[in-house]
Amino acid sequence: MSNTPEIINPFERVLKGTQGVIVDRGSHLDGGRVGSMITWNLEANELRCPALPELVILTGHKYQLSSALTDFGWGFREQFSSALHPIHIFPPGADFLRVLNGPARATFLTIDADRTFSILDELGVANPLDGLWMLSQRGFAEPYVYATIAALADQMAAGECPRLLIDSYCATIVFQLAKRWTAMSARAKQTGRLSPEALGRAIAFINDRLADDMSLDDLASLCGMTKFHFLRLFKASTNSSPYQYLRDRRIERARHLLSTTQYAIGDIAGQCAFASATGFAEMFRKVVGVAPTAWRAAQKK
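Numbering (full-length UniProt numbering), first residue to last: 1 to 301.
Okay, structure coming up:
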């Protein structure tokens, strides 16, 4: 009897600990040093995954669902794709919760983060993590990637997949993903604006969290791009910077509270994420032209 301990990939451990998941077949790529290949069945359920040091690629075989809500930490967004065999991306370091409203059969390919970024570095790809986040926003059709992962799964199941072949498959898959987000980035640069979907996500995130502290990194990651690229495209799309947009929405919220409630100025300042009543009053006067108390009094006349 072998004393060699069983290698369990981090993501495989997550799947095995998830209620409703049946792992049909699991294989380790190069003894687990590269990643893993896991085919599984899942009833309508939720999958919670902590941040892991690997790229996770989901290829859908058969879906009997109409919703795949995913929360990367900034609220649930719909990831469902009606494509025949959709691809879903979960970047290295992504902590996510995924909720399905029906059963699914899929294969997960995981590739170690160091191996992933090494391939992308050899390809000369700039900002690779931003690109992976761009692809993570929704499922998409990529028949070549699906076919390549299916071929790798067949090779692994047959036990005939030497390291050179594994490396070749992984490099091909990562290269195809890089081509996709590079094309998406090029289209965004040509238009000079955020796509309607990306702009909608950013605005919804801001509007849902007016009382919260948020960073440019939060918004850029939400749209799958660098903060500098996001800053430029957001301003081109809205004629204001993210900060100005957030400030204006907070002042708009404050005006609503001033006109519809009897809350004290300090309470309204806190609800609109201002550190003090004085700071709120100064900003309100700068944007609206009068002090909050004067504006409230004018609304009652």
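The beta-carbon is built from N, C-alpha and C at its ideal position, and this holds for glycine as well.
Alpha carbon to alpha carbon, what distance is there between residue j and residue i?
i    : j    : result
W133 : Y146 : 19 Å
A113 : E43  : 29 Å
D130 : R105 : 28 Å
Q244 : L123 : 38 Å
L29  : I173 : 14 Å
S168 : I149 : 12 Å
F228 : A281 : 31 Å
R48  : R296 : 46 Å
F96  : A198 : 19 Å
R187 : A277 : 44 Å
N101 : L65  : 6 Å
L120 : T238 : 33 Å
S240 : M156 : 52 Å
A83  : F140 : 7 Å
L165 : V34  : 12 Å
Going along the chain, which residues of its own chain have a beta-carbon closer than 7 Å to the beta-carbon of residue i, five neighbours each way excluded?
i    : result
L219 : A202, F205, F230 and P242
L257 : Y263, I268 and Q271
D24  : T39, W40 and N41
V14  : C49
For residue i, name the three-state secondary structure that DSSP assigns.
i    : result
K227 : helix
S259 : helix
F96  : strand
M37  : strand
A254 : helix
V23  : strand
V56  : strand
P103 : coil
F108 : strand
A204 : helix
Take residue i and list the residues in its own chain whose beta-carbon comes closer than 6 Å to its own, dropping the five residues that flank it on each side.
i    : result
G224 : W133, M134 and Q137
L55  : P92, I111 and T116
K179 : none
L152 : Y169
P10  : L52
E46  : V99
I265 : A277 and P292
Does any C-beta atom of chain B lie closer than 7 Å to the C-beta of residue i?
i   : result
C49 : The displayed structure is made up of one protein chain only, and chain B is not part of it.
What residues in its chain sit with their C-beta under 8 Å from that of residue i, if we drop five residues either side in the sequence?
i    : result
T226 : N127, D130 and A220
Q299 : L258 and S259
Please name the residue or residues paired with residue i in a DSSP beta bridge.
i   : result
T70 : R77 and R98
message = Contact between the stretch 247-255 and the stretch 200-211 is defined here as three or more beta-carbon pairs at a separation below 8 Å; is this criterion met?
response = yes
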